[in-house]
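Trainee:
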Amino acid sequence: MEIPKIIGAGLVVIGVGMGIGRIGGSAMDAIARQPEATGKIQTAMLIAAALIEGIGFAALFAV
Amino acid sequence: MEKLIEQFSLGLFFWSALIFVGLILVLKKFAWKPILDAVNEREEGIKNALLSAENAKKEMQNLKSDNEKLLADARAERDLLMKEAREIKEKMINDAKSEAQAAGEKMISQAKAAIESEKNAAMTELKNQVSSLSLEIAEKVLRDELSNKESQTKLVEKMLGDAKLN
Amino acid sequence: MVFSNKPLQFIVAVLVACLPLFSSANTATDSVHAKAEVKTESKVLNIKEKEAEDRKEYIQHHLLDTHDFHLFSYVDDNKEEHHIGFPLPVILWDEGLHLFSSSQFHHGEKAAESKGKFYKLHHEKIYRVDSAEGEIQLNNENHHPTNVKPLDLSITKNVFVMLLVSVLIFLLFRSLANSYAKNNGVAKGIGRFFEPIIIYVRDEIAIPNIGEKHYKKYMSHLLTVFFFIWFLNIFGLSPLGINVTGNIAITACLAIITYIITTLTANKNYWGHIFWMPGVPVPMKLILAPIELLGTIIKPFSLMIRLYANIVAGHIVLGSLIGLMFLFKSWFGSTLSFGLSFAISLIEVLVALLQAYIFTMLTALYFGSAVEEHHHEEEAHH
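Going line by line, the protein sequences match chains A, B and C.
Numbered according to our numbering, the first sequence spans residues -10 to 52.
Numbered according to our numbering, the second sequence spans residues 11 to 176.
Numbered according to our numbering, the third sequence spans residues 4 to 385.
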């Protein structure tokens, strides 16, 4: 019962990592395209990343 | 998950709730309200100051445009005056010129008339003198020629020929 | 989120970042020295395992709440362990109120007596034992104690630090509030640093998420929660070994308060979107209602887990890296892990601010959804 749980948590963390990576990458693209909107993009990026991060932590603590 | 639940301490929860809610209420009364009010007031003050500055600027602009209008009016008036003055000057010069010309012409014509009359008078006198002179000459010649017949005739002829010139 | 490029702030940040380094140095080194004299091979191996165990326990112990304020320990020439710190009051409710000093526990070594009952510490939790010599009975299956656990309302280290931080915040912002009156509406002193942050919370967090119309009634909560979390996070990086925001009870309390305020101030539109989602077919409405209802609970739950996990993760990583310093015992490895823990400390200073910001931001977002005006259909008609 322990092992599948851990594997599941690992999968969730991989997903979360990819998700946050994509958010970061897209934010970089957006900033490169519109440097004047950097502040707004960063705020939106942080919120989105934080929301996804929450899922990752939930998975980690569910183990 | 079990670890989390195990770690959960009711006492700590109770105290943190108490402290946090107490902190919110106390800070609301003693800190956030005065701070936010002060910040708002200051922002209002800045806004008002900006607004009044804007108004003052507008007023200045109005004043300036008024001034400019006045100035332009004055300039136009001056131009008008100058133009009129120039016209008057030109008119005066022209008038003077034409008057002078008229006067000059009149004088010339008078002079001409005077000259003519003088000439006529002189001519008449000359004619009179010529006739008296010729009479004298004729008298002398006649006196002279009457002594010599031939020369008398000759003279008469010559005289007559000369008289044609006159 | 850069406040200023001034070197002063950088120095302060570096100082704060360095502080945890020497806080954790004590027990690990001293125990190493005390036991390093043993010669035989097998025992050396044992000691290494013991040290690793010690380190793990040290980190885990650091994450826990304690009943006394423990600053550091050392071993004197007579191999006696000394603990430097001060006791805090213990308040128990166990068929009557019990109030005594935590020094009676003798750092968990002895049972404390109060009104004829005996209590003993086990992993920083108080259990009732039968007598002064009574031991805690462990369950064979999961090693949980089977003793009676009285309701523990003690002023623990975390409660103490929270009180301290509350007083600090109160004095700080009270002086800022007073400085306006004295200085003709201009902040003075340290308030000059905090005033832009207050304005930032108002203009960048509260107004965009809640709206110009309703934001005022939530400002007190948002500002308090922001500074409370931020200060506690920063205190957690201090060498005192405090871990307040990395405690599930405290993050749960903050999240539940957010949930209560959201629920109490919610308007008809908010409940309408939960129970009878407009603009979708009826079967969908029936499916969405429980999901949305669950969502209202998941939101504060994620708030709780996020703050807790970020702070705990930071503390574990920092503790492990500092532990590595003593594990390597070579100039290269220790320098490397010093550099690493230094870098992580700097990141933790950022995380301290970031987590406070995100908690406040999401709280404002939830408040905003609670008071959002009914305008979806109107927009559709336009």
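Beta carbons are placed, not taken as given, at the ideal position from N, Cα and C, and that holds for glycine.
#1: Measuring straight from C-alpha to C-alpha, what distance separates G275/C and P293/C?
#2: When the cut-off is 8 Å and only beta carbons count, does I36/A lie next to chain C?
#3: Going by C-alpha distance, which of I29/B, E16/B, L14/B, L60/B is nearest I158/C?
#4: Could you spell out where the alpha helix (DSSP H) holding G21/B opens and where it closes?
#5: Counting only beta-carbon atoms, is E64/B nearer than 8 Å to chain C?
#6: Any contact between the stretch 185 to 193 of chain C and the stretch 257 to 270 of chain C? By contact I mean 3 or more CB pairs, one from each, below 8 Å.
#7: Would you kindly report the start and end of the unbroken beta strand (DSSP E) that includes D71/C?
#8: Identify the contact partners of E54/B in chain C, using a Cβ-Cβ distance below 9 Å as the criterion.
#9: Report the CB separation of P148/C from Y130/C in whole angstroms; it is logged as a contact under 8 Å.
#10: For the beta strand (DSSP E) holding S348/C, just list the boundary residues, first then last.
#11: Where do the ends of the alpha helix (DSSP H) carrying Y203/C lie?
#12: If you follow the alpha helix (DSSP H) that E295/C is part of, which residue opens it and which one closes it?
#13: Can you pull the chain C neighbours of L0/A, defined as C-beta to C-beta under 7 Å?
#14: Quick one, are the C-beta atoms of L22/B and N142/C less than 8 Å apart?
#15: What does the Cβ neighbour count give for K(-6)/A, buried or exposed, with the cut at 16 atoms within 10 Å?
#16: Hey, L66/C and N246/C: beta-carbon distance below 8 Å or not?
#17: If you follow the beta strand (DSSP E) that I87/C is in, where does it begin and where does it stop?
#18: Taking T69/C and K160/C to be in contact with their CB atoms under 8 Å, please state how far apart those CB atoms are, rounded to whole angstroms.
#19: What do you reckon, are the CB atoms on S169/C and L33/B nearer than 8 Å?
#20: Can a CB atom of chain B be found closer than 8 Å to the CB of F370/C?
#21: Please go through the stretch 116 to 188 of chain C and give each complete alpha helix (DSSP H) segment of 4 or more residues, from N-terminal end onward.
#22: For the candidate residues G342/C, P211/C, L353/C, whose alpha-carbon lies nearest to that of L365/C?
#23: Quick check on V352/C: buried or exposed, where buried means 16 or more other Cβ atoms within 10 Å of its Cβ?
#24: Please classify S451/C: does DSSP put it in a helix, a strand, or coil?
#25: Looking at the C-beta of K38/C, does it have a partner C-beta in chain A at a distance below 8 Å?
Mentor: According to the structure shown:
#1: Within the third sequence, numbered from 1, the residue matching residue 275/C stands at position 272. Within the third sequence, numbered from 1, the residue matching residue 293/C stands at position 290. Approximately 13 Å between the Cα atoms of the pair.
#2: Taking the first residue of the first sequence as position 1, residue 36/A is located at position 47. Contact with chain C is found for I36/A, since one of that chain's Cβ atoms lies less than 8 Å from the residue's Cβ.
#3: Along the third sequence, one-based indexing puts residue 158/C at 155. The candidate whose alpha carbon is nearest that of I158/C is I29/B.
#4: Reading the second sequence from its first residue, position 11 is the one you call residue 21/B. Element bounds for G21/B: 20 to 37.
#5: Taking the second sequence and counting its residues from 1, the one referred to as residue 64/B is at position 54. It does not; no Cβ of chain C falls within 8 Å.
#6: Under the 8 Å Cβ criterion, the stretch 185 to 193 of chain C does not count as touching the stretch 257 to 270 of chain C, having fewer than three qualifying pairs.
#7: To locate residue 71/C, count along the third sequence from 1; it is residue 68. Where D71/C is concerned, the enclosing beta strand (DSSP E) stretches over 71 to 78.
#8: To locate residue 54/B, count along the second sequence from 1; it is residue 44. Against chain C, the beta carbon of E54/B has no neighbour under 9 Å; the closest one sits roughly 10 Å away.
#9: Walking along the third sequence from the start, residue 148/C turns up at place 145. Walking along the third sequence from the start, residue 130/C turns up at place 127. With 8 Å as the limit, P148/C and Y130/C qualify as a contact, their Cβ atoms being about 5 Å apart.
#10: Taking the third sequence and counting its residues from 1, the one referred to as residue 348/C is at position 345. For S348/C, there is no enclosing beta strand (DSSP E); the residue is part of the alpha helix (DSSP H) that begins and ends at 334 to 374.
#11: Along the third sequence, one-based indexing puts residue 203/C at 200. 194 to 203 is the span of the alpha helix (DSSP H), which, as asked, contains Y203/C.
#12: Stepping through the third sequence from its first residue, residue 295/C is reached at position 292. In the DSSP assignment, E295/C falls within the unbroken alpha helix (DSSP H) covering 285 to 331.
#13: In the first sequence, counting from the first residue as 1, residue 0/A sits at position 11. Neighbours of L0/A on chain C: none; closest Cβ ~18 Å, over 7 Å.
#14: In the second sequence, the residue the question calls residue 22/B occupies position 12. In the third sequence, the residue the question calls residue 142/C occupies position 139. No, Cβ-Cβ distance for L22/B and N142/C is not below 8 Å.
#15: Taking the first sequence and counting its residues from 1, the one referred to as residue -6/A is at position 5. Using a 10 angstroms sphere on the CB of K(-6)/A, the tally of other CB atoms stays under 16, which defines it as exposed.
#16: As a first step, residue 66/C is located in the third sequence; it is residue number 63 there, counting from the start. As a first step, residue 246/C is located in the third sequence; it is residue number 243 there, counting from the start. L66/C is a Cβ neighbour of N246/C, given a cutoff of 8 Å.
#17: On the third sequence, residue 87/C is found 84 positions in, with the first residue counted as 1. Run containing I87/C: 84 to 90, per the beta strand (DSSP E) assignment.
#18: Counting from 1 along the third sequence, the entry for residue 69/C is found at position 66. Counting from 1 along the third sequence, the entry for residue 160/C is found at position 157. Between K160/C and T69/C the Cβ distance is about 5 Å, and since that is below 8 Å, they are a contact.
#19: Translated into the one-based positions of the third sequence, residue 169/C becomes position 166. Translated into the one-based positions of the second sequence, residue 33/B becomes position 23. Cβ atoms of S169/C and L33/B: closer than 8 Å.
#20: Position 367 of the third sequence, counting from 1, holds the residue named residue 370/C. Taking a beta-carbon distance threshold of 8 Å, F370/C does not count as an interface residue toward chain B.
#21: Listed in chain order, the alpha helix (DSSP H) elements of length 4 or more contained wholly in the stretch 116 to 188 of chain C are 160 to 185.
#22: Taking the third sequence and counting its residues from 1, the one referred to as residue 365/C is at position 362. Residue P211/C holds the alpha-carbon nearest to the alpha-carbon of L365/C among G342/C, P211/C, L353/C.
#23: Along the third sequence, read from residue 1 onward, the residue named residue 352/C stands at position 349. It counts as buried.
#24: No answer is possible for residue 451/C: the residues shown for chain C start at 4 and end at 385.
#25: Within the third sequence, residue 38/C is the residue found at index 35, counting from 1. Residue confidence is low: K38/C scores 41 on pLDDT, short of 50, so the model does not pin down where it sits. No coordinate-derived value is stated.
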